[in-house]
Structures are given as C-alpha cells and as structure tokens.
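Everything on this sheet refers to the single structure shown next.
In our numbering, the protein residues as written are 14 to 267.
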C-alpha cells in the first residue's frame with residue numbers, strides 16, 4: 014500500500030464505500046502508514062460540490078457588488094485562466110451574507126438541475142482540477158483515500174446535467190481522468206453487490222430516503238453500475254472488484 018499514493022473507492026449507493034474507506038484509513042494509520050480519507054461532501058480535493066462558476070468579468074462584478082466579502086472571495090476562490098470557481102457552503106462567506114450564498118447557489122457548477130457550462134467546458138474544469146491535484150499529491154508522502162471521486166459524482170452529474178452524452182463519451186472522459194492520476198500509482202476498489210435493489214433498500218433505510226428505492230431509481234442505478242463495470246475494463250490504472258456479499262476480490266486490470 015505504501016507504493017499506492019492514491020486509493021479510490023467506487024460503487025453504487027449502499028455498497029459500503031464510506032465505511033470501507035474509513036476502516037482502511039484507520040488500519041493504515043495503525044500500522045504506521047500516514048493516510049487521509051475524504052468522503053463525499055465539501056472541501057474535497059478533487060470533487061467540486063457547492064462551487065459556483067463565474068467568468069472573469071462576472072467575478073469582478075461580484076467583487077464590486079459585495080465589497081464586505083471581497084477579501085474572503087479573493088482568498089477562497091479557485092482562479093483559473095478563463096473562469097473562477099467559488100465555494101459557498103464550506104467555508105461560508107465572511108461576513109455571512111444569505112443573499113450572496115443564494116446568488117452563488119444559482120451559479121452552481123455541478124450540483125444543480127441545469128448546466129451553467131457546456132459539456133466541453135465541464136470536462137475542461139475537471140481535467141484541470143485533476144491535473145492540479147496530481148501535481149500536489151506527487152509531493153505528498155501520505156496515502157490519500159478518496160470516495161466517489163472518479164465514477165459516482167462524475168457519471169451522476171453528467172447523467173443529470175447532460176443526458177444527451179453517450180456512454181462511450183463518458184467512458185472516454187473517465188478514462189482520461191484516470192490517466193491523469195496514473196503517476197500516483199492509484200488503485201481503485203469497486204464495491205459490488207449482486208442485487209442493486211437490495212443495496213438501494215439498505216441505503217433507503219439508513220439515510221431515510223424512501224424515494225431512492227423505486228423502480229425508476231433501481232433501473233437508473235442498474236444501468237449506471239453496468240456502465241461503471243464497462244469503464245473498469247478500459248481504465249489505465251489498477252482496479253479490483255470486491256463482492257461485498259461474498260468478500261471475494263477479483264483483479265480486473267493490472
């Protein structure tokens with residue numbers, strides 16, 4: 014494990030990603046391997062939950078309209094060539110301003126029901142995000158464990174925001190992201206259960222989200238799991254499918 018600078022956990026909801034990632038991090042620390050784990054949510058080193066997307070001129074106008082938050086905006090914004098990404102939930106703007114949060118939320122980059130950029134620009138933002146992270150991680154001696162960074166949120170957001178995108182294009186895009194991470198010698202563990210329905214039923218119970226266990230949702234995640242298993246075959250990184258019901262690991266690609 015010391016040679017794997019990055020460990021990824023993927024699988025549909027209810028497959029055990031969060032629990033397994035946290036257990037692995039605790040185990041690695043117990044045997045003297047420095048390791049950090051990032052589960053779904055804000056302040057993720059690769060994912061971009063609750064980030065607003067602005068063009069440069071829009072950002073300058075934002076600074077003008079919210080002078081009390083200008084210092085905070087300049088300090089926390091991710092400023093790239095051609096666009097700016099602004100977090101707005103973690104951390105919250107200082108001083109707190111509910112109207113500003115609502116305004117930033119209306120420009121949400123990926124956690125929304127409608128896209129604010131084209132699919133081409135969406136890919137560009139994440140490719141740059143992955144490149145920046147890989148450069149930083151190469152100089153970091155600890156092992157990083159990420160949940161849902163390569164498959165779940167990428168594919169789910171694309172399906173929601175760009176439903177016209179073909180599975181082959183999603184495969185090509187995800188494979189490209191994995192190629193960016195390859196210098197970190199990553200390994201991806203895909204947690205799989207035989208029954209998508211049972212996995213979603215479990216998630217429904219522990220998260221109190223009954224709308225997740227419907228015929229439509231089961232069909233969606235069955236299709237998504239099929240796509241993810243197809244992508245696994247093409248990934249340029251080591252991936253291992255773990256049957257969480259029988260606890261049998263099968264190497265897919267080395």
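From the three backbone atoms N, C-alpha and C, an ideal C-beta is built for every residue, glycine too.
**Request:** Inspect the CB distances between the stretch 198-218 and the stretch 169-189 and report whether three or more fall short of 8 Å.
**Result:** no
**Prompt:** Should residue 251 and residue 200 be called a contact, given that it needs their Cβ atoms to be closer than 7 Å?
**Reply:** Within the chain shown, residue 251 is the residue found at index 238, counting from 1. Within the chain shown, residue 200 is the residue found at index 187, counting from 1. Cβ atoms of residue 251 and residue 200: closer than 7 Å.
**Prompt:** Which residue comes first and which comes last in the beta strand (DSSP E) that contains residue 256?
**Reply:** In the chain shown, residue 256 corresponds to position 243, counting from 1. Its beta strand (DSSP E) spans residues 251-256.
**Request:** Report, in whole angstroms, the separation of the C-beta atoms of residue 158 and residue 46, which I expect to be a contact under 8 Å.
**Result:** Position 145 of the chain shown, counted from the first residue, corresponds to residue 158. Position 33 of the chain shown, counted from the first residue, corresponds to residue 46. That pair is no contact at about 11 Å.
**Item:** Anticipated Cβ contact below 8 Å, residue 160 with residue 193, distance rounded
**Value:** Sequence index remark: in the chain shown, residue 160 carries index 147 (1-based). Sequence index remark: in the chain shown, residue 193 carries index 180 (1-based). At roughly 18 Å, the Cβ-Cβ gap does not stay under 8 Å, so residue 160 and residue 193 are not in contact.
**Asked** Given residue 117, which residues of its chain have a CB within under 7 Å of its CB, disregarding the five upstream and five downstream residues?
**Response** For the purposes of this step, residue 117 is taken as the residue at position 104 of the chain shown. These residues qualify, in order along the chain: 65, 99 and 101.
**Message:** Which residues does DSSP list as the beta-bridge partners of residue 202?
**Reply:** Walking along the chain shown from the start, residue 202 turns up at place 189. According to DSSP, which records beta bridges pairwise, residue 202 is partnered with 22 and 253.
**Request:** Can you tell me which of the three DSSP states residue 248 falls into?
**Result:** Reading the chain shown from its first residue, position 235 is the one you call residue 248. Three-state DSSP puts residue 248 in coil, outside helix and strand.
**Minimum C-alpha distance to residue 122 - residue among 255, 91 and 51** = Taking the first residue of the chain shown as position 1, residue 122 is located at position 109. Comparing Cα-Cα distances from residue 122 to each of 255, 91 and 51, the minimum goes to 91.
**Message:** At the level of alpha carbons, what is the spacing between residue 265 and residue 240?
**Reply:** Taking the first residue of the chain shown as 1, we reach residue 265 at position 252. Taking the first residue of the chain shown as 1, we reach residue 240 at position 227. With a pLDDT of only 39 at residue 265, under 50, the local geometry of the prediction cannot be trusted, and the value read off the model is given with reservation. The alpha-carbon atoms of residue 265 and residue 240 are separated by roughly 15 Å.
**Request:** Take residue 134 as the anchor and find which of 48, 53, 234 and 95 has the nearest alpha-carbon.
**Result:** If you number the chain shown from 1, residue 134 lands on position 121. It is 95.
**Asked** Rounded to a whole number of angstroms, what is the C-alpha to C-alpha distance between residue 156 and residue 148?
**Response** Within the chain shown, the letter at position 143 stands for residue 156. Within the chain shown, the letter at position 135 stands for residue 148. When rounded, the distance between both Cα atoms is 14 Å.
**Message:** So, for residue 57: in the same chain, excluding its five sequence neighbours on each side, which residues have a beta-carbon less than 6 Å away from its beta-carbon?
**Reply:** Along the chain shown, one-based indexing puts residue 57 at 44. Within the same chain, residue 57 has close Cβ partners 51.
**Message:** Classify residue 151: buried if its beta carbon has 16 or more other beta carbons within 10 angstroms, exposed otherwise.
**Reply:** For this step, residue 151 is matched to residue 138 along the chain shown. The residue in question, residue 151, is exposed, as its Cβ has fewer than 16 Cβ neighbours within 10 Å.
**Prompt:** Going straight from the alpha carbon of residue 195 to that of residue 253, what length do you get?
**Reply:** Residue 195 sits at position 182 when you count from the first residue of the chain shown. Residue 253 sits at position 240 when you count from the first residue of the chain shown. Distance between the alpha carbons of residue 195 and residue 253 is about 15 Å.
**Item:** CB of residue 16 within 7 Å of CB of residue 198, strictly
**Value:** In the chain shown, counting from the first residue as 1, residue 16 sits at position 3. In the chain shown, counting from the first residue as 1, residue 198 sits at position 185. Yes, Cβ-Cβ distance for residue 16 and residue 198 is below 7 Å.
**Item:** Rounded separation between residue 235 and residue 126 - CA only
**Value:** Residue numbering aside, residue 235 sits at position 222 when the chain shown is read from its first letter. Residue numbering aside, residue 126 sits at position 113 when the chain shown is read from its first letter. So the two alpha carbons sit approximately 21 Å from each other.
**Message:** Looking at residue 228: is its Cβ nearer than 7 Å to the Cβ of residue 60?
**Reply:** As a working mapping, residue 228 is identified with position 215 in the chain shown. As a working mapping, residue 60 is identified with position 47 in the chain shown. Taking 7 Å as the Cβ cut-off, residue 228 and residue 60 do not qualify as a contacting pair.
**Prompt:** Taking the C-alpha atoms as reference points, what is the distance between residue 174 and residue 44?
**Reply:** Looking up residue 174 in the chain shown gives position 161. Looking up residue 44 in the chain shown gives position 31. Taking the straight line from one Cα to the other gives about 43 Å.
**Of the residues 256, 172 and 230, the one placed nearest residue 205, counting alpha carbons only** = Here residue 205 refers to the residue found at position 192 when the chain shown is read from its first residue. The shortest Cα separation from residue 205 among 256, 172 and 230 belongs to 256.
**Request:** Ignore the nearest five residues each way along the sequence and tell me which others in residue 67's own chain have a CB closer than 6 Å to its CB.
**Result:** As a first step, residue 67 must be located in the chain shown, where it is residue number 54. 97.
**Message:** For residue 106, which residues in the same chain have their Cβ closer than 7 Å to its Cβ, ignoring the five residues on either side in sequence?
**Reply:** Counted from its first residue, the chain shown places residue 106 at position 93. Excluding residues within five positions, the ones whose Cβ falls inside 7 Å are 82, 85, 113 and 114.
**Request:** Would you tell me roughly how many angstroms separate the C-alpha atoms of residue 140 and residue 78, rounded to the nearest one?
**Result:** Residue numbering aside, residue 140 sits at position 127 when the chain shown is read from its first letter. Residue numbering aside, residue 78 sits at position 65 when the chain shown is read from its first letter. If I take the Cα positions, the gap works out to 31 Å.
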